[in-house]
Amino acid sequence: TNDKLFANRPKILALELLGYNFSMFAFGPYGHYWRRMLKIVTLQLLSNHRLEMLKHVRESEVKVSLKELYQSWVNKKDISNKALVDMRRWFNTTTINVIVSMLVGKLPDQDSGGWIQTVTKFVELAGTFVVADALPILRKLNIGGHERAMKEHKKRRVSGVVNAGGEDFMDAMLTILDEEEDFSNHDADTINKSTCLVSFFC
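For the sequence shown, position 142 matches number 163 in my numbering, and the numbering has no gaps at all.
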């Protein structure tokens, strides 16, 4: 099927280090784990029922963002009631807040700027060409220092977020992972982190 064609790709260093040893199913090899995680994400995050259940989250985040936009206008407006507003930043922040809230619930004092920097750095490192991808024998030399940068980024990445209330995708994942044990050689915490991360990027 097309699934096999889509899922079979070279194993690159960035996805091993930043993707929890290929447990980010969207970037992992095709197989039982890949099919099972795709099914869980499709049913628990992207189904019509789940999107309808989380409609209030999207509405709430948009309302909060509109209030912040209005407050920004009030603080910056000039005599003619005009103010310059960075709409690209506003849309990015709103989108990130909606996605994070749908995945793990509302974060206390959400720092959208921090999330944007984390996402940007992750994408930058994941897309970097590393000599070791082409010549694996050179991996130990760490040419360019990319492996070290990826490992440091992985250490700094946010993990273990507590849900503020209501069943979100993380709650569903925890329930499923408690009930099932057949998830290749990945532990439940790694699967949770990597699946939320890949859902965030997709």
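Heads up, the beta-carbon is just placed ideally off N, CA and C, and yes, glycines get one too.
Among the options, the one whose alpha carbon lies nearest that of residue i
i: L124; options: S101, L67, S44; result: L67
i: K252; options: Y54, T116, R56, L64; result: Summary: the structure shown does not reach residue 252, with the chain confined to residues 22 through 223, and so no result is reported for it.
i: Y51; options: Q65, K32, T114; result: K32
i: L87; options: V106, M74, D99; result: V106
i: N229; options: W94, M108, E73; result: Nothing about residue 229 can be reported from this structure: the residues present for the chain run from 22 to 223 only.
Residue i vs residue j beta-carbon contact at 9 Å
i: E89; j: W111; result: yes
i: F46; j: L59; result: yes
i: V119; j: V78; result: yes
i: S122; j: E82; result: yes
i: H207; j: Y91; result: no
i: L64; j: R56; result: no
i: F104; j: N113; result: Checking the sequence shown, residue 104 turns out to be Ala, not Phe. It is not a contact, given that the beta carbons lie outside the stated cut-off.
Enclosing alpha helix (DSSP H) for residue i [first to last residue]
i: V62; result: 53-65
i: V83; result: 76-97
Residue-level contact to chain C via CB, residue i, 9 Å cutoff
i: R57; result: Chain labels in this structure do not include chain C; a single protein chain is all it has.
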